[in-house]
Amino acid sequence: MARIRRTVYACFYAEDDPLPDIAAMLSGEIPPPTEARLGALAVLTGQRHRLNRSELDVLLSVPADRWTELDSPPSEAIRALLAKGLLVSDSDDPALAPLRDRDEALTDNQWNLYSALYHYMTQWGGLELTEGELDPAELSESSRSVAKAHVARYGPPPSAFAEHNGTREIPLPGAERQSPLFRTLLARRTTRSFDSISPMALDELDAVLRYVFGCHGYARNAADVVCIKRTSPSGGGLHPVEAYPIISNVTDVPPGIYHYNAQRHSLTMLESLDISEARRLATFFMCGQKYFGMAHATFILTARFDRNQWKYRRHQKAYAGILMDAAHLSQTLYLAAAELALGAFVTLALNSRDIEERLALDGVKEGVIAAIGCGRPAPGQSPLELSFSSEPPEV
Ligand SMILES: Cc1cc2nc3c(=O)[nH]c(=O)nc-3n(C[C@H](O)[C@H](O)[C@H](O)COP(=O)(O)O)c2cc1C
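Count the sequence shown with numbering that gives the first Met the number 0 and you get residues 0 to 394, in order.
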């Protein structure tokens, strides 16, 4: 007979029954108080599940720190809890074994519960956010009306600037700086239209990879662990973020999916594609954002959670550190691209589950965090880009 155990990777909450009595409401009756239902956020399935009272009783009776032998075939409640990823079983049932393996991998890789909840409950798969075939002008028109409807419904946002009633205000000189770094900072922008014909040069890709993701030094920390130097900071000097370039149109680099090897400053081809497959794949990975999918190089950023969490074991801030590491790399890419007169972007709108499957990542030791990219910008400005001016608008 199989043995069962409760997972620690779940959280429970109460929610009001979302099925109010519509007929009663329409006839003006005050609805009776609803009975709250118990729900579970199950990290192992990445889904919310309803629980009934008998399932809750069973769940609370099963320990998480050891296996419990079943001396009879599993009850309906146990089977439901196993399917919901709230209990795990040591059986080799093909529907249940992956959930147990994931539970063990989360434990082995030192995942913190709050981090795991956020990471796995917010992952997407197979999602298309924008109508992929619309041209940018139509898309811009449709997003303008969506944005206007949002303001009509919720009112304007809090103001662009925060104000404090302090005791004194000291005006600052605001000196203009002319050195290249300051000019590059001001040139940084998001690009949403890339040249579909001209390739990006190999030396441009080379510079981006070397100065954004490359290794510029080695050090041993107090525990004699090798830390590497990049142009961006990283929590503990661990640099757990990896880049998987999807190259569509770069001279002398065949289109395909690659891994950037920072140690050797080289590209390892994982999958060969043709140019349109590479663009389609990048677009699909970025939930239908075709304007980004047209970039010459898209970098899928993953985190090697096992490297970060080797040090920050079950640490509540480990995951935030990883997100910040990825954000620093993103800004560095924007700056490197601006310096090279390339366009750049970042997005979190990702079909992470599909990307992990395609890159053969388990999502627990290593998983997807963000995507950034760059390429030769198309002439002119896309209607999808904000037009910034130095003049403050009239209020
Ligand atoms: C975390 C993050 C996620 C973003 N995701 C998207 C996205 O999914 N799609 C998009 O078109 N732009 C995305 N952007 C870009 C912003 O829309 C852009 O930075 C903003 O419009 C300001 O323009 P600028 O970068 O040119 O200053 C993202 C930016 C950040 C920092």
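Heads up, the beta-carbon is just placed ideally off N, CA and C, and yes, glycines get one too.
What does DSSP give as the partner residues of residue i in its beta bridges?
{"i": "Cys-373", "result": "Ala-296 and Ala-343"}
{"i": "Leu-37", "result": "Ala-13 and Leu-50"}
{"i": "Asn-252", "result": "The sequence given here has Val at residue 252, not Asn. Val-249, per the DSSP bridge assignment."}
{"i": "Ser-271", "result": "Gly-255"}
{"i": "Gly-366", "result": "Ala-302"}
{"i": "Arg-2", "result": "Glu-68"}
Report yes if the CB atom of residue i is closer than 7 Å to the CB atom of residue j, and no otherwise.
{"i": "Ala-296", "j": "Pro-244", "result": "yes"}
{"i": "Ser-381", "j": "Asp-324", "result": "no"}
{"i": "Ala-377", "j": "Leu-347", "result": "no"}
{"i": "Leu-25", "j": "Leu-58", "result": "no"}
{"i": "Cys-10", "j": "Leu-40", "result": "yes"}
{"i": "Pro-254", "j": "Ala-277", "result": "yes"}
{"i": "Gly-287", "j": "Leu-128", "result": "yes"}
{"i": "Gln-308", "j": "Gln-109", "result": "yes"}
{"i": "Tyr-333", "j": "Ala-340", "result": "no"}
{"i": "Ser-139", "j": "Leu-383", "result": "yes"}
{"i": "Asp-89", "j": "Arg-2", "result": "yes"}
{"i": "Arg-101", "j": "Leu-185", "result": "no"}
{"i": "Phe-193", "j": "Gly-374", "result": "yes"}
{"i": "Ala-335", "j": "Val-211", "result": "yes"}
Once DSSP output is grouped into helix, strand and coil, what is the label at residue i?
{"i": "Ser-265", "result": "strand"}
{"i": "Val-7", "result": "coil"}
{"i": "Ser-386", "result": "coil"}
{"i": "Thr-67", "result": "strand"}
{"i": "Arg-167", "result": "coil"}
{"i": "Glu-276", "result": "helix"}
Assign residue i to buried or exposed, taking buried as 16 or more other Cβ atoms, counted over all protein chains shown, within 10 Å of its Cβ.
{"i": "Glu-355", "result": "buried"}
{"i": "Gly-366", "result": "buried"}
{"i": "Gly-379", "result": "exposed"}
{"i": "Met-199", "result": "buried"}
{"i": "Ala-148", "result": "exposed"}
{"i": "Met-285", "result": "buried"}
{"i": "Arg-219", "result": "exposed"}
{"i": "His-163", "result": "exposed"}
{"i": "Asp-251", "result": "exposed"}
{"i": "Pro-157", "result": "exposed"}
{"i": "Asn-51", "result": "exposed"}
Is residue i near ligand 3 - that is, is its Cβ less than 6 Å away from at least one heavy atom of it?
{"i": "Arg-143", "result": "Because ligand 3 does not appear in the structure shown, any question about it cannot be addressed here, the ligands present being ligand 1."}
Continuous beta strand (DSSP E) assignments of at least 3 residues falling wholly in the stretch 170 to 248: Runs found: 217 to 219, 225 to 227 and 240 to 246.
Start-end ranges of the beta strand (DSSP E) lying completely within the stretch 71 to 155, minimum 3 residues: Those beta strand (DSSP E) runs which fall completely within the stretch 71 to 155 and span 3+ residues are 86 to 88.
Any beta strand (DSSP E) of 3 or more consecutive residues that is wholly inside the stretch 289 to 352: Counting only runs of 3 or more, we get 296 to 303 and 342 to 346.
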